[in-house]
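*Asks:* What follows is a single structure, and I will ask about it in a moment.
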Amino acid sequence: MGFLKSDLPTIDKDVWRAADRSERLKLMARHIAERGTGNPDVLHVVYALKVVLYMLGAIAFALTTNGIDGWADATTWWCEPIVLEKVVLWTLLFEVLGLGCGFGPLNGRVAPPLGSPLYWLRTGTIRLPPWPQRIPFTTGDRRSPVDVAAYAALLIATLTALLSDGTGPIDAPATPVGLIPTWKLATVVTLLAIAGLRDKVIFLAARGEVYGALTVAFLLPGLDMIVAAKIVMVAIWMGAATSKLNRHFPFVVSTMMANNPLIRSKWLKRNLFRRHPEDLRPSWIPALLAHVGTVIELGMPPLLFFSHGGIVTRVAAALLITLHLIILTAVPLGVPLEWNVFMIYGIGAIFLAHINVGIQDISHPWFIAALVVVLVGTVAVGHVWPRKVSFLPGMPLLRRKLGHFGVALHRLGQPEGRRRPSRAGVVAAQVLRKALRQQGEGRVPSLHGLRVSIHVRSRACGHDALRPCRPGRPGAGIHRCRGRNGRRLCRRLGIRRRPPPSGAARRGHAGALRIRAW
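For the sequence shown, position 294 matches number 294 in full-length UniProt numbering, and the numbering has no gaps at all.
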């Protein structure tokens, strides 16, 4: 790949149209295995600059606090509790503004590179309440002025807390600056809950299971806030590690490392697979990386929590930092770069800076116990009954959803979608199509197989869950969406629901939907 020019496969349209689905997947999978997704290097530079701006923003908000002075004296205040609070709130604001995960061209967002405030500050756009039949005043799927006001209030409250000074010297945790006033943190939590109950996408985009949970931990008094923050971090690591206990994860690692912008050697990329180009199952290298990474993410957090210094603490911290650096430099799907930077900072500011703080310092055990029950219960329910909990707080990140989303997204690029370009999902597909046409007409159809063949489960989902009707039949261009995940995704992407076909008795067809892209 070049600095400005993408490296997409050039395939003759006639050859592409004559090839069956299996042959198309082979072409795309071989290209990904050797060259990644072919993104130009300038995109990775843009994302690196975004991470730098995120870090500079965190430092700038920290320096607005009385008692926190001097860029050059960061070693004296970087682990102050109020700085930790502001880094958490800044990251929450960064994410809920659409600048974090899901930002930019690597996620299919080109013009504009983000969407969150563009949709959530407008009335009439789609919203998705999590429990409309159970929570009063949350029914409906159209954004009202109340929803816009709740989102705007969340932004204002978070910014207000970021610009706050400390409450003054306190003994536990020991700090001469103090903490952000509790009522300001409570306001942020309350508004995030209100906005999330009206539209769960806002809560998920803000990464409420990470930064929202940490903000709740900061509401506890004394050293309880540090212990609670440690528990939240441990739950995040171990919940994510649990999702990697499957046979699919080595495939994810092989694809991620093949797309790593720092790995330039084609020889090394080929060796990530068993026998390139005929057998693209992961070789022992990504399998080893997957298993070692899972062991680190599952075993090191408890050691970091229960050890109070010494070689054990240093080794656990070093291994976790190395794990996040590897993920950060690989630029994975979804681009959670700022999250990895925050987790690295959290290791130092939460664990190493308060190395002697542990469960023996808890003064309100019932609050800590309730937090543990909520965190562990959410992750457990998310793994056992994934339909009950979103994949972000439930954390079965690598068991489902990602491949399904890629397939549903590319289906919106079908010709029928071009008839109504005003819909948000179709506009995104058209922007992506336009960008590909600038690379040459011969490369346009390669996107179809490219998006489907990235992960193993995407190929299965593309074959069965969103199968197009045969040309020439009545209702050609209408797609059948089987299964719960597909139905949810179709609703989220603005696809009209139609009644199920009559006489569908077999389980594979029961409850199936016939849907048409708007």
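Cβ atoms here follow ideal geometry from the backbone N, Cα and C, with glycine treated the same way.
Owing to the predicted nature of the structure, the values given are computational and were not obtained by experimental measurement.
#1: When we look at the beta-carbon of residue 339 and count the other beta-carbons within 10 Å, is it buried (16 or more) or exposed?
#2: For residue 73, which residues from the same chain have a beta carbon less than 6 Å from its beta carbon, with the 5 sequence-adjacent residues on both sides left out?
#3: Taking 8 Å as the threshold (C-beta atoms), are residue 280 and residue 273 in contact?
#4: Determine, using beta carbons only, whether residue 213 and residue 220 come nearer to each other than 8 Å.
#5: Is the distance from the Cβ of residue 89 to the Cβ of residue 232 below 8 Å?
#6: Who does residue 126 pair with in a DSSP beta bridge?
#7: Which value, in whole angstroms, describes the spacing of the CA atoms of residue 367 and residue 235?
#8: Just to confirm the assignment, what range does the alpha helix (DSSP H) spanning residue 20 have?
#9: On the premise that residue 258 lies in contact with residue 82, defined as a C-beta separation below 8 Å, what is that separation, rounded to the nearest angstrom?
#10: Note down the Cα distance separating residue 329 from residue 283, rounded to an integer number of angstroms.
#11: Determine the burial state of residue 176: buried for a count of at least 16 other Cβ atoms within 10 Å of its Cβ, exposed for fewer.
#12: Between residue 130 and chain B, is the shortest Cβ-Cβ distance under 8 Å, so that the two count as touching?
#13: Using CA atoms only, rank isn't needed, just tell me which of 321, 333, 203 is closest to residue 255.
#14: Would you list the one or two residues that DSSP bridges to residue 387?
#15: If you compare alpha carbons, which of 391, 359, 85 is closest to residue 215?
#16: Do you know how far the Cα of residue 208 is from the Cα of residue 153?
#17: How about residue 341 and residue 51: are their beta carbons less than 8 Å apart?
#18: Would you report the Cα separation of residue 248 and residue 372, rounded to the nearest angstrom?
#19: For residue 297, tell me which candidate among 243, 355, 238 has the shortest Cα-Cα distance.
#20: To the nearest angstrom, how far is the alpha carbon of residue 307 from that of residue 218?
#21: Residues in the same chain with beta-carbon distance under 8 Å from residue 163, minus the five sequence neighbours each way, listed in chain order, please.
#22: With DSSP run on the structure shown, which of helix, strand or coil describes residue 170?
#23: Taking C-alpha atoms, which residue in 42, 56, 97, 134 lies nearest to residue 78?
#24: Comparing alpha-carbon positions, which option in 225, 240, 4 lies nearest residue 363?
#25: From this set, 158, 278, 200, which residue's C-alpha is nearest residue 519's C-alpha?
#26: On a CA-only basis, which of 354, 138, 370 is nearest residue 174? Give me that one, please.
#27: Report yes if the CB atom of residue 350 is closer than 8 Å to the CB atom of residue 266, and no otherwise.
*Replies:* Working from what's here:
#1: buried
#2: none
#3: yes
#4: no
#5: no
#6: 142
#7: 16 Å
#8: Here residue 20 belongs to no alpha helix (DSSP H), and DSSP marks it neither H nor E.
#9: Not a contact, Cβ separation roughly 42 Å.
#10: 21 Å
#11: exposed
#12: Note that chain B does not occur in the displayed structure, where there is just one protein chain.
#13: Ranked by Cα distance from residue 255, the first of 321, 333, 203 is 333.
#14: Per DSSP, none; premise fails for residue 387.
#15: For residue 215, the nearest C-alpha among the options comes from 85.
#16: Approximately 16 Å, taken between the alpha carbons.
#17: yes
#18: 29 Å
#19: 238
#20: 22 Å
#21: The residues 61, 64, in chain order, have a CB closer than 8 Å to that of residue 163 in the same chain once the five nearest residues on each side in sequence are set aside.
#22: Strand at residue 170.
#23: Among 42, 56, 97, 134, the Cα nearest to that of residue 78 belongs to 56.
#24: 225
#25: Residue 519 lies beyond the range of the chain shown here (1 to 518); nothing can be said about it.
#26: Nearest C-alpha to residue 174: 354.
#27: no
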